[in-house]
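Undergrad:
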Amino acid sequence: METYWGYQSGAGCPYAYSELGANEFGIQNTSYYNEDILHKTILVGDSGVGKTSLLVQFDQGKFIPGSFSATVGIGFTVMLLGDSGVGKTCFLVQFKDGAFLSGTFIATVGIDFRNKVVTVDDVKVKLQIWDTAGQERFRSVTHAYYRDAQALLLLYDITNKVSFDSIRAWLTEIHEYAQKDVVIMLLGNKADMSSERVIRTEDGESLAREYGVPFMETSAKTGMNVELAFLAIAKELKQRAVKQLDEPRFQIHDYIESEKRRSNCCTFL
1 METYWGYQSG
11 AGCPYAYSEL
21 GANEFGIQNT
31 SYYNEDILHK
41 TILVGDSGVG
51 KTSLLVQFDQ
61 GKFIPGSFSA
71 TVGIGFTVML
81 LGDSGVGKTC
91 FLVQFKDGAF
101 LSGTFIATVG
111 IDFRNKVVTV
121 DDVKVKLQIW
131 DTAGQERFRS
141 VTHAYYRDAQ
151 ALLLLYDITN
161 KVSFDSIRAW
171 LTEIHEYAQK
181 DVVIMLLGNK
191 ADMSSERVIR
201 TEDGESLARE
211 YGVPFMETSA
221 KTGMNVELAF
231 LAIAKELKQR
241 AVKQLDEPRF
251 QIHDYIESEK
261 RRSNCCTFL
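Each residue of the sequence shown is one higher than the last, beginning at 1 in UniProt numbering.
#1: Would DSSP call Ala-178 helix, strand or coil?
#2: According to DSSP, simplified to helix, strand and coil, what is Tyr-33?
#3: Is the Cβ-Cβ distance between Ile-256 and Gly-204 less than 9 Å?
#4: Roughly how many angstroms lie between the CA atoms of Phe-230 and Ile-167, to the nearest whole one?
#5: When you compare each of Ile-129, Asn-160 and Ala-169 to Gln-150 by their alpha carbons, which one comes out closest?
#6: What do you reckon, are the CB atoms on Leu-155 and Ile-233 nearer than 9 Å?
#7: Use the C-beta contact count for Asp-46: other C-beta atoms within 10 angstroms, 16 or more gives buried, fewer gives exposed.
#8: Assuming Leu-187 and Thr-222 make a contact with CB atoms under 8 Å, what is their CB distance in whole Å?
#9: Measuring only the C-alpha atoms, how far is Leu-81 from Met-224?
#10: I need the boundaries of the beta strand (DSSP E) containing Lys-124, first residue and last residue.
#11: Which residue or residues does DSSP assign as beta-bridge partners of Arg-114?
#12: Reducing DSSP to helix, strand and coil, say where Gly-212 ends up.
#13: Below 9 Å between beta carbons: does that hold for Ile-199 and Phe-250?
#14: So the candidates are Ala-178, Glu-176, Lys-190 and Lys-62; which of them puts its Cα closest to the Cα of Lys-161?
#15: Looking only at its chain, what residues have a beta carbon closer than 6 Å to the beta carbon of Met-193, apart from the 5 residues adjacent to it on each side?
#16: Secondary structure at Glu-217, three-state DSSP: helix, strand or coil?
#17: For a quick check, are the C-beta atoms of Gln-179 and Arg-147 less than 9 Å apart?
#18: Using the Cα positions of Trp-5 and Val-118, report the straight-line distance between them to the nearest angstrom.
#19: Is it right to say Lys-243 is buried, meaning 16 or more other beta carbons lie within 10 angstroms of its own, or is it exposed?
#20: Determine the extent of the alpha helix (DSSP H) in which Thr-77 is found, giving its start and end residues.
#21: Taking Cβ positions, are Val-125 and Phe-76 nearer each other than 9 Å?
#22: Exposed or buried, Phe-25, counting other C-beta atoms within 10 Å across all chains shown (16 or more means buried)?
#23: May I ask which residues mark the beginning and end of the alpha helix (DSSP H) holding Leu-233?
#24: Rounded to the nearest angstrom, what separates Leu-43 and Leu-92 at their Cα positions?
#25: Helix, strand or coil for Glu-119, going by three-state DSSP, please let me know.
#26: Based on DSSP bridge pairs, tell me the residues matched to Ile-184.
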C-alpha cells in the first residue's frame, strides 16, 4: 500500500491518501487522512537503542539486520521540480538505486520522497529528496512544501520545448514560495536523446546565467551528471551548515565545471 499527499477540494489543508486496491466492481478504494487530525510521534533515546529499527519495523513490517549504523546527524531536504514527464522520478531512482526505470510512464501523484546518505569531505550527509508531481492540479501541494526545502533541482526535457519554456514560471513560483537563500540548480534532462534534441545546451546555459543559478545537462538513463548534481548541492549545503571561519566559501559553479572537465578528460583515457 502506497501513501501519497495531496489537497482535498474545500479542505484547505493537506491530506494523505492510500491506494487500497480495487473492489469487485473495479473501483479503486482510497482512504483519506486529514493532516489536521494526524498525530506526530518523535522517537528519542540514546544512540544504539534501536529507534530506527523500531520505525522500520512499524513502517515496513521487517527488521533490517547487519551492523549498527547511527542515524546521520546532518541532513537536508532537496526537491525535484519541473513539468510532468521531464524525468524527475527516473532522475531520483538513478541517484538512489543506480537504475533506470524503463517502460510505461506513470506520473507522480502529489509528493513522494526517498533518502540517501552521501559523504561530503568525510562528513555523512543525509539527503531527503522529494519527488513532486508536475501536473498543474498538484501545484498547490508542491507550494505547501517549498519552504521546507533547502535546495531545488529544476528539470526540463531537452526534447520538449514546452518544458523549457515553463522554467521561468517555475522560477517565479520558487521566488514566491521558497526560502530566500534556497539553493537552485537548473538541469536539462534526457541528454542521451541527442537525436531528438530541440533545446540547445547554450539555451540552458543562457537561462541559468540570467537567473544566476548553476546548470548542467543530465541523463537519468545513463546516469550522466546525476550524482554530480546531488553532490554539488550536498557540498553547498554542508558548508553553509558547518563552515569554519577560515574556510574559503564553496563555489558551486566552479566545482561543477571542474568535475565536468575531469569527467570528460577521463572519458578519453
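Ideal placement from N, C-alpha and C gives every residue a C-beta, glycine not left out.
TA: For this structure:
#1: Taking the first residue of the sequence shown as 1, we reach residue 178 at position 178. Reduced to three states, the DSSP call for Ala-178 is coil.
#2: As a first step, residue 33 is located in the sequence shown; it is residue number 33 there, counting from the start. Since pLDDT at Tyr-33 reaches only 42, below the 50 mark, its modelled position is unreliable, and the value read off the structure follows with that caveat. Note: Tyr-33 maps to strand in three-state DSSP.
#3: To locate residue 256, count along the sequence shown from 1; it is residue 256. To locate residue 204, count along the sequence shown from 1; it is residue 204. Taking 9 Å as the Cβ cut-off, Ile-256 and Gly-204 do not qualify as a contacting pair.
#4: Position 230 of the sequence shown, counted from the start, is the residue given in the question as residue 230. Position 167 of the sequence shown, counted from the start, is the residue given in the question as residue 167. If I take the Cα positions, the gap works out to 20 Å.
#5: For the purposes of this step, residue 150 is taken as residue 150 along the sequence shown, with counting starting at 1. For Gln-150, the nearest C-alpha among the options comes from Ile-129.
#6: Walking along the sequence shown from the start, residue 155 turns up at place 155. Walking along the sequence shown from the start, residue 233 turns up at place 233. No.
#7: As a working mapping, residue 46 is identified with position 46 in the sequence shown. Classification of Asp-46: exposed, given that the 10 Å Cβ count is below 16.
#8: Reading the sequence shown from its first residue, position 187 is the one you call residue 187. Reading the sequence shown from its first residue, position 222 is the one you call residue 222. Actually they do not touch by this definition, with Cβ atoms about 14 Å apart.
#9: For this step, residue 81 is matched to residue 81 along the sequence shown. For this step, residue 224 is matched to residue 224 along the sequence shown. Going from the Cα of Leu-81 to the Cα of Met-224 covers about 19 Å.
#10: On the sequence shown, position 124 is the one that residue 124 refers to. Its beta strand (DSSP E) spans residues 123-132.
#11: Position 114 of the sequence shown, counted from the first residue, corresponds to residue 114. BP columns for Arg-114 point to Ile-129.
#12: Position 212 of the sequence shown, counted from the start, is the residue given in the question as residue 212. Coil at Gly-212, not helix or strand.
#13: On the sequence shown, position 199 is the one that residue 199 refers to. On the sequence shown, position 250 is the one that residue 250 refers to. No.
#14: Residue mapping note: residue 161 aligns to position 161 of the sequence shown, counting from 1. It is Lys-190.
#15: Against the sequence shown, residue 193 aligns to sequence position 193. For Met-193, where only same-chain residues beyond five positions count, the Cβ hits under 6 Å are Thr-159.
#16: Position 217 of the sequence shown, counted from the first residue, corresponds to residue 217. In this structure, Glu-217 counts as strand in the three-state DSSP scheme.
#17: Taking the first residue of the sequence shown as position 1, residue 179 is located at position 179. Taking the first residue of the sequence shown as position 1, residue 147 is located at position 147. In contact: Gln-179 and Arg-147 (Cβ atoms closer than 9 Å).
#18: The residue labelled residue 5 in the question sits at position 5 within the sequence shown. The residue labelled residue 118 in the question sits at position 118 within the sequence shown. Because Trp-5 carries a pLDDT of 47, less than 50, the predicted location of this residue cannot be relied on, and no value is offered for it.
#19: Position 243 of the sequence shown, counted from the start, is the residue given in the question as residue 243. Lys-243 should be labelled exposed.
#20: Translated into the one-based positions of the sequence shown, residue 77 becomes position 77. Here Thr-77 belongs to no alpha helix (DSSP H); instead the beta strand (DSSP E) covers 74-81.
#21: Here residue 125 corresponds to residue number 125 of the sequence shown, with the count starting at 1. Here residue 76 corresponds to residue number 76 of the sequence shown, with the count starting at 1. In contact: Val-125 and Phe-76 (Cβ atoms closer than 9 Å).
#22: Stepping through the sequence shown from its first residue, residue 25 is reached at position 25. Unreliable positioning characterises Phe-25 in this predicted model, as indicated by a pLDDT of 45, which lies under 50. The coordinate reading is nonetheless provided below. Phe-25 should be labelled exposed.
#23: One-based indexing of the sequence shown puts residue 233 at position 233. According to the sequence provided, residue 233 is Ile. The question's Leu does not apply to it. From DSSP, the alpha helix (DSSP H) with Ile-233 extends over 226-242.
#24: In the sequence shown, residue 43 corresponds to position 43, counting from 1. In the sequence shown, residue 92 corresponds to position 92, counting from 1. Answer to the nearest angstrom: the Cα atoms are 28 Å apart.
#25: By one-based count along the sequence shown, residue 119 stands at place 119. Residue identity differs from the one stated: residue 119 is Thr in this sequence, not Glu. The answer is strand: DSSP assigns Thr-119 an E or B state.
#26: Residue 184 sits at position 184 when you count from the first residue of the sequence shown. In the DSSP output, where bridge partners are listed per residue, Ile-184 has Leu-152.
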